[in-house]
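Residue numbers (this note's numbering), protein chains in the order written: chain A, 40 to 379; chain B, 40 to 379; chain C, 40 to 379.
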Amino acid sequence: MEFSAKQLAELLDGRVEGDAESTVSKLSKIEEGGKGSLSFLANPAYEKYIYTTTASIVIVSEDFKPTADISTTLLRVPDAYSAFAKLLEMYNAMRNSKTGIEKPTFISESAKIGKDIYLGAFSSIGDFSSVGDGTRIHQNVQIGDNVTIGENCTIFPGVTIYADCEIGNSVTLHAGVVIGADGFGFAPNSENSYDKVAQIGNVIIEDHVEIGANTTIDRATLGSTIIRKGVKLDNLIQVAHNVEIGENTVIASQSGIAGSTKIGKNCMIGGQVGIVGHLNIGDNVRIAAQSGVSKNIKEGKVVQGSPAYDYTEYTKSYAVFRRLPDLAKDLHQLKKTNES
Amino acid sequence: MEFSAKQLAELLDGRVEGDAESTVSKLSKIEEGGKGSLSFLANPAYEKYIYTTTASIVIVSEDFKPTADISTTLLRVPDAYSAFAKLLEMYNAMRNSKTGIEKPTFISESAKIGKDIYLGAFSSIGDFSSVGDGTRIHQNVQIGDNVTIGENCTIFPGVTIYADCEIGNSVTLHAGVVIGADGFGFAPNSENSYDKVAQIGNVIIEDHVEIGANTTIDRATLGSTIIRKGVKLDNLIQVAHNVEIGENTVIASQSGIAGSTKIGKNCMIGGQVGIVGHLNIGDNVRIAAQSGVSKNIKEGKVVQGSPAYDYTEYTKSYAVFRRLPDLAKDLHQLKKTNES
Amino acid sequence: MEFSAKQLAELLDGRVEGDAESTVSKLSKIEEGGKGSLSFLANPAYEKYIYTTTASIVIVSEDFKPTADISTTLLRVPDAYSAFAKLLEMYNAMRNSKTGIEKPTFISESAKIGKDIYLGAFSSIGDFSSVGDGTRIHQNVQIGDNVTIGENCTIFPGVTIYADCEIGNSVTLHAGVVIGADGFGFAPNSENSYDKVAQIGNVIIEDHVEIGANTTIDRATLGSTIIRKGVKLDNLIQVAHNVEIGENTVIASQSGIAGSTKIGKNCMIGGQVGIVGHLNIGDNVRIAAQSGVSKNIKEGKVVQGSPAYDYTEYTKSYAVFRRLPDLAKDLHQLKKTNES
């Protein structure tokens with residue numbers, strides 16, 4: 040879709056400075072620009088780009104004062120950043136506004152489907168499952184039996200939700216996410232092989248959770264694996280059986296949390312972190328990327344290392360690690376001096 | 040489904056103590072309980088919960104002697120743990136008992152399908168492939184050409200099995216598993232780019248193997264990538280081309296094994312472990328989580344570190360690593376003393 | 040399909056030595072062989088196997104002189120290795136030669152489809168998307184709106200390509216790959232939770248790129264995440280929003296690259312490497328497996344460690360790390376001597 044500077048001015052309650060008929064059909068960064076693109080200038084550090092940008096229209100704040108000639112069309116608004124953010128949201132909403140049920144899809148006769156939902160082709164909804172109003176489920180999604188999904192969720196293609204799991208409202212699951220596969224539970228037997236321990240719990244995902252592509256969250260052995268309200272998980276993360284992740288905790292890509300560990304609220308966990316099972320991680324904990332956590336962590340602590348401990352101490356030790364060959368030489372020299 | 044204490048007593052050959060008409064429709068941990076839930080007490084450490092549990096029925100052993108009042112209904116059996124385990128299995132079997140072929144599915148005319156199978160909607164079976172009796176294939180599964188799948192397997196949604204792969208009996212593949220994608224083989228050419236090395240081998244998965252969600256097992260360049268009988272792989276694991284994993288070896292989440300490495304029997308490999316290519320890992324080896332293995336490992340060894348070596352030695356070195364700043368100070372002091 | 044030694048001789052311009060009616064239906068390594076299999080001998084180190092191989096036919100070079108009796112049928116060609124490579128390619132081409140559109144599939148009326156394409160069952164192509172000539176899209180693939188896919192690409196089952204992404208020519212995407220999921224962008228708000236930052240950029244994948252199973256490449260917040268010509272990515276890799284990977288760079292399995300980092304040309308990055316965001320990695324850089332990169336790296340450098348630095352220095356420090364307990368003891372002894 041194309042918009043003129045004039046139309047955008049009406050939409051954003053702004054004022055055009057330049058060609059009011061200039062049109063745009065995409066958004067860009069000011070330093071990248073491109074004909075037909077709309078950009079914005081909010082951070083003064085980027086001001087230099089406005090004099091050379093190839094973007095067709097740039098949103099700026101009322102009080103912006105150019106210090107050189109500008110060839111692009113300006114759209115002046117009270118606050119450039121929030122005007123652009125508003126546009127982003129409108130654009131995003133437009134992009135994800137499909138409703139209706141494509142064909143073929145498979146919906147169990149016992150399933151309950153809300154109003155204004157979207158169900159993409161080749162998706163299926165199992166027995167006794169329910170989907171809330173306004174939820175959009177894309178293509179090739181498989182929702183098992185007895186699954187509850189709340190309102191206004193977005194479930195991208197290729198997601199699998201196993202039987203008995205519960206998803207809250209306004210949850211986003213990206214492509215390839217697997218919710219509720221069996222926990223990794225096996226008991227060694229007398230023949231030196233393993234018997235499967237039945238995994239009959241479920242996964243509960245509360246409201247406003249977002250889960251990245253190809254992340255896996257296993258069902259509990261008994262009880263529930265729980266992802267609390269507002270949690271954000273990146274791509275390719277592993278959450279094992281009976282784990283609980285506290286409200287608004289954020290975890291970066293490729294981290295893994297072993298069985299029955301409980302993580303507090305508002306934690307920030309870096310990428311590729313591993314956390315062993317049956318631990319308690321307090322609220323507001325920060326864990327540096329690639330750390331390996333093998334012990335409980337108290338509220339507010341910052342840790343690093345494998346095994347992980349205090350972040351500052353780790354950094355100091357690692358600084359000495361880098362000069363270990365010199366230290367070893369010094370020590371060798373001292374020994375020789377002392378022996379002579 | 041609902042069961043009364045009386046019905047469960049008949050099923051488990053037990054005796055009701057309390058309200059025989061009390062009903063349950065789900066299983067719970069004794070410390071979580073909940074109205075309408077059935078729990079069990081086997082471990083004495085959990086005895087305290089039986090006096091306060093909100094579970095409607097609790098399975099206990101014949102010889103259990105309460106030391107306070109109990110308000111829940113008890114179901115006495117010879118062995119509480121095995122009675123509960125039996126229930127779990129029945130529950131699980133019931134949950135996974137679908138048979139029949141949903142519509143639409145795509146089955147090649149040259150494919151051979153066994154008796155009592157389940158094939159979920161939007162799944163396809165390629166040319167000359169075969170599926171054994173009692174195997175259940177869920178939705179959105181793609182089985183390529185010339186694939187052999189044994190009896191009583193369970194293949195969860197979204198699994199892809201590339202052409203020519205062989206799956207044994209009683210194998211479980213969780214959602215998103217990819218079997219037989221091309222190995223990562225490229226030969227540098229004179230133009231500083233890479234030519235693909237054709238990957239025309241396959242993957243062989245023997246009986247009683249279970250593979251976790253989104254795990255990937257690449258086909259061999261030539262010959263076979265082999266997962267031996269009884270192997271258990273967790274989620275998000277990478278197994279490269281021409282790897283062989285020995286019987287009953289267990290590997291935790293997010294570990295990766297590079298090309299042509301051979302792993303022995305009954306090994307235990309932690310999470311996020313990396314093993315380089317062309318190695319031999321002996322039987323009964325244990326590798327600590329996050330280790331990086333760059334050399335062969337002899338039978339029965341326990342290793343840690345990146346690069347990995349003896350576990351006990353690594354632990355000792357890491358203990359010194361943590362006090363390195365102090366050691367560096369001591370050394371500095373000694374040098375000064377000696378020089379003066 | 041079965042081929043006789045005579046037929047293969049015609050195909051490869053070779054000469055049969057032994058039974059010209061001997062037939063083969065698969066390829067094997069000479070040390071594995073098997074009745075009905077075709078193998079080759081190019082590397083003299085493997086010569087010993089030709090006297091015992093159970094392969095039915097072995098391709099050898101014109102100048103190969105046996106030093107003992109050979110029972111298998113030989114097929115003599117000018118260059119055994121390139122004859123076998125030619126066969127591999129023919130075999131591979133044959134295996135991937137399907138064309139046509141299976142049913143059911145979902146193709147938007149506004150989508151543009153090229154000539155000689157293959158579209159597997161249960162796949163869908165969104166509004167205003169286009170697929171170039173000769174491209175093969177397997178089963179259960181979901182291609183969003185406004186997606187451009189070039190010529191002669193191969194897209195394996197279960198792949199998801201989000202809206203607005205651009206795929207070049209001769210690109211291979213293995214099963215479960217996710218292109219264009221939202222970048223991991225959230226802004227903390229006053230209620231201690233997070234607001235989503237709209238991710239409205241896209242992913243651009245240039246020609247001759249190959250991407251391994253279950254790898255995820257996030258869309259840019261604004262602008263593009265770019266994978267340049269000839270890049271090869273292994274399985275289960277994470278590429279975050281706004282990353283750019285330079286031409287012919289190769290990355291092994293399970294590595295992750297955080298947002299806005301720019302990687303140069305012809306780099307080699309090991310498995311399970313983590314690279315933090317907003318860095319510049321120069322051309323021809325090599326990063327050892329499991330390293331954690333937290334700083335820019337200059338052209339041509341080789342690094343290891345977490346945090347990563349010069350590879351040789353890391354190796355030396357790690358060698359001292361292994362004998363740290365002894366060093367600590369020596370130091371303790373020296374201190375005692377000095378104090379006495």
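Just so it is clear, CB atoms sit at the ideal spot from N, CA and C, and this is done for glycine as well.
Note that the structure is predicted; figures quoted are calculated from it, not measured.
Going by DSSP, which residues form a beta bridge with residue i?
{"i": "residue 360(C)", "result": "According to DSSP, residue 360(C) bridges with nothing at all."}
{"i": "residue 139(C)", "result": "157(C)"}
{"i": "residue 199(A)", "result": "181(A), 217(A)"}
{"i": "residue 343(A)", "result": "348(A)"}
{"i": "residue 171(B)", "result": "Partner(s): none; residue 171(B) has no beta bridge."}
{"i": "residue 33(A)", "result": "An answer regarding residue 33(A) cannot be provided, because it is not within the stretch 40 to 379 covered by chain A."}
{"i": "residue 277(A)", "result": "255(A), 295(A)"}
{"i": "residue 307(C)", "result": "289(C), 325(C)"}
Can you check whether the CB of residue j is closer than 8 Å to the CB of residue i?
{"i": "residue 213(B)", "j": "residue 250(B)", "result": "yes"}
{"i": "residue 216(B)", "j": "residue 198(B)", "result": "yes"}
{"i": "residue 97(A)", "j": "residue 106(A)", "result": "no"}
{"i": "residue 53(A)", "j": "residue 122(A)", "result": "yes"}
{"i": "residue 56(C)", "j": "residue 134(C)", "result": "no"}
{"i": "residue 206(A)", "j": "residue 193(A)", "result": "no"}
{"i": "residue 315(A)", "j": "residue 325(A)", "result": "no"}
{"i": "residue 283(A)", "j": "residue 268(A)", "result": "no"}
{"i": "residue 377(A)", "j": "residue 373(C)", "result": "yes"}
{"i": "residue 344(A)", "j": "residue 297(C)", "result": "no"}
{"i": "residue 34(C)", "j": "residue 185(C)", "result": "Absent from the structure is residue 34(C), since the part of chain C shown begins at 40 and ends at 379."}
{"i": "residue 265(C)", "j": "residue 248(C)", "result": "no"}
Any C-beta of chain B sitting closer than 8 Å to the C-beta of residue i?
{"i": "residue 266(A)", "result": "no"}
{"i": "residue 37(A)", "result": "One cannot answer for residue 37(A) here, as it falls past the ends of chain A, which runs 40 to 379."}
{"i": "residue 342(A)", "result": "no"}
{"i": "residue 273(A)", "result": "no"}
{"i": "residue 370(C)", "result": "yes"}
{"i": "residue 289(C)", "result": "yes"}
{"i": "residue 179(A)", "result": "yes"}
{"i": "residue 269(C)", "result": "yes"}
{"i": "residue 223(A)", "result": "yes"}
Compare the C-beta of residue i against all C-beta atoms of chain A and say whether one is closer than 8 Å.
{"i": "residue 161(B)", "result": "yes"}
{"i": "residue 42(B)", "result": "no"}
{"i": "residue 283(B)", "result": "no"}
Hey, residue i and residue j are a contact pair by Cβ (cut 8 Å); roughly how many whole angstroms apart?
{"i": "residue 240(C)", "j": "residue 261(C)", "result": "5 Å"}
{"i": "residue 90(A)", "j": "residue 69(A)", "result": "The pair is not a contact, with the Cβ atoms about 10 Å apart (cut-off 8 Å)."}
{"i": "residue 293(C)", "j": "residue 295(B)", "result": "5 Å"}
{"i": "residue 15(B)", "j": "residue 313(A)", "result": "Absent from the model: residue 15(B). The displayed extent of chain B is 40 to 379, so no value can be given."}
{"i": "residue 220(B)", "j": "residue 174(B)", "result": "Residue 220(B) to residue 174(B), Cβ: 22 Å. No contact."}
{"i": "residue 58(B)", "j": "residue 44(B)", "result": "7 Å"}
{"i": "residue 334(C)", "j": "residue 318(C)", "result": "7 Å"}
{"i": "residue 363(C)", "j": "residue 275(A)", "result": "Wrong, their Cβ atoms sit about 34 Å apart, outside the cutoff."}
{"i": "residue 263(A)", "j": "residue 242(A)", "result": "7 Å"}
Is there a Cβ of chain C sitting closer than 8 Å to that of residue i, yes or no?
{"i": "residue 350(B)", "result": "no"}
{"i": "residue 239(B)", "result": "yes"}
{"i": "residue 136(A)", "result": "no"}
{"i": "residue 67(A)", "result": "yes"}
{"i": "residue 261(B)", "result": "yes"}
{"i": "residue 187(B)", "result": "no"}
{"i": "residue 51(A)", "result": "no"}
{"i": "residue 233(A)", "result": "no"}
Report task. Flag this pair as touching only if the stretch 276-290 of chain C and the stretch 300-313 of chain C have three or more C-beta atom pairs under 8 Å; answer yes or no. Result -> Between the stretch 276-290 of chain C and the stretch 300-313 of chain C there are three or more inter-stretch CB-CB distances shorter than 8 Å, so the stretches are counted as touching.
Query raised in the report: Do the stretch 50-66 of chain A and the stretch 74-85 of chain A touch if we need at least three Cβ pairs shorter than 8 Å?
Result: yes
Report task. Take every Cβ of the stretch 176-195 of chain B, pair it with every Cβ of the stretch 145-161 of chain B, and state whether three or more of those distances are shorter than 8 Å. Result -> Touching, per the Cβ criterion.
Requested in this report: Report yes or no: do the stretch 341-353 of chain C and the stretch 363-373 of chain C share at least 3 C-beta pairs separated by less than 8 Å?
Outcome: In the pairwise beta carbon analysis, the stretch 341-353 of chain C is classified as not touching the stretch 363-373 of chain C: fewer than three pairs are separated by under 8 Å.
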